[in-house]
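Visitor: Heads up: the sequence shown is residues 1 to 257, going by UniProt numbering.
I am attaching a structure below and will ask some questions about it afterwards.
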Amino acid sequence: MIEILNPDQISRARVTGALVADILHTIKDRAVVGTNLLEIDRWAQEMIVEAGATSCYVDYAPSFGRGPFGHYICTAVNDAVLHGLPHDYALADGDLLTLDLAVVKGGIAADSAISFIVGETRSADDLALIDATERALAAGIAAARPGAKVGDISRAIGTVLKDAGYPVNVEFGGHGIGSTMHQEPHVANTGRPGRGYALRPGLLLALEPWVMADTAELVTDPDGWTLRSATGARTAHSEHTVAITDSGAEILTLPSR
């Protein structure tokens, strides 16, 4: 399903997007050495409920997971990159943490992810990983304009990631979003320009470049959810929900503060 949202729905998407961003950045500010991933999940739950929103993850049960997910936020540490299931783990100095959050408010979903380093120890390699995903996300957003094709976004993202020296996995990528979290079209993190669905004003996309330092192969944890690099290499993931407008892409998942 591909939804084209009307102006009222786009207005509601802005509210949802700001909420997602505010929660993510509040948690980022709170997360320190010793913070437990289950504590982060509780923080997310409290803020979602307080805002009158609904988690997209608690009842999420796709074919590739061992569902339902049962938690409010994805917490991926170090070599974990996607669908990180919160568990009893206390963050250590130098951990590379990715938070991925999707909620529905006012009938419209928004989805975003950030990666950052916990504590004072900051590896140059880790910072480069995060920077590559953020630059790739910016390139994908710049390519998302009316009349462009999904392949144009994929090519823009993939060019940045590959030029930075990282392999690119195409199993998981960006996606359409609207009244539900995951919709068509799929937006791979590399691809051929001029191919795929033509972008139209009112389309919402969640663009999400992610990389693993030295592999494109994923392995799944025994929890049935958490996806890690097959080599144990570090990972990073950046994501925004954007709305296609007459003039380009509007980023919806920016903090309100």
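Heads up, the beta-carbon is just placed ideally off N, CA and C, and yes, glycines get one too.
(1) For ASN36, which residues does DSSP report across the bridge?
(2) Select from GLU217, HIS25, PRO193, TRP43 the residue whose C-alpha is nearest the C-alpha of residue 265.
(3) Compute the distance between the beta-carbons of THR215 and PRO167, then report whether it is under 9 angstroms.
(4) Quick check on this structure: which residue in SER238, ASP223, GLU217, HIS240 has the alpha carbon closest to the alpha carbon of ALA230?
(5) Who are GLY248's beta bridge partners in DSSP?
(6) Where LEU227 and ILE10 are concerned, what is the direct C-alpha to C-alpha distance, given to the nearest angstrom?
(7) Who does VAL187 pair with in a DSSP beta bridge?
(8) Please report how far the alpha carbon of TRP43 lies from the alpha carbon of GLY194, in whole angstroms.
(9) So, does the region 52 to 64 touch the region 190 to 205, judging by three or more C-beta pairs under 8 angstroms?
(10) So, at 6 angstroms on beta carbons, what are the nonlocal neighbours of PRO185 in its own chain, with the 5 sequence-adjacent residues on each side left out?
(11) Please state whether the Cβ-Cβ distance between VAL160 and PRO209 is less than 9 angstroms.
(12) Would you call PRO86 buried or exposed, if buried means 16 or more other Cβ atoms sit within 10 Å of its Cβ?
(13) Under DSSP, the alpha helix (DSSP H) around LEU127 begins and ends at which residues?
(14) Can you give me the C-alpha to C-alpha distance between GLY17 and ILE130, rounded to a whole angstrom?
(15) Determine the DSSP secondary structure at LEU254, reduced to helix, strand or coil.
(16) Taking just the CA atoms, how far does PHE116 sit from LYS28?
(17) What residues are listed by DSSP as bridge partners for ALA109?
(18) Alpha carbon to alpha carbon, how far is VAL242 from GLU171? Give it in angstroms, no decimals.
Guide: Taking the definition as stated:
(1) ALA90
(2) Nothing about residue 265 can be read from this structure; the chain reaches only from 1 to 257.
(3) yes
(4) GLU217
(5) THR245
(6) 32 angstroms
(7) GLY174
(8) 42 angstroms
(9) no
(10) VAL150, GLY176, TYR197
(11) yes
(12) buried
(13) 124 to 143
(14) 21 angstroms
(15) coil
(16) 8 angstroms
(17) VAL104
(18) 21 angstroms
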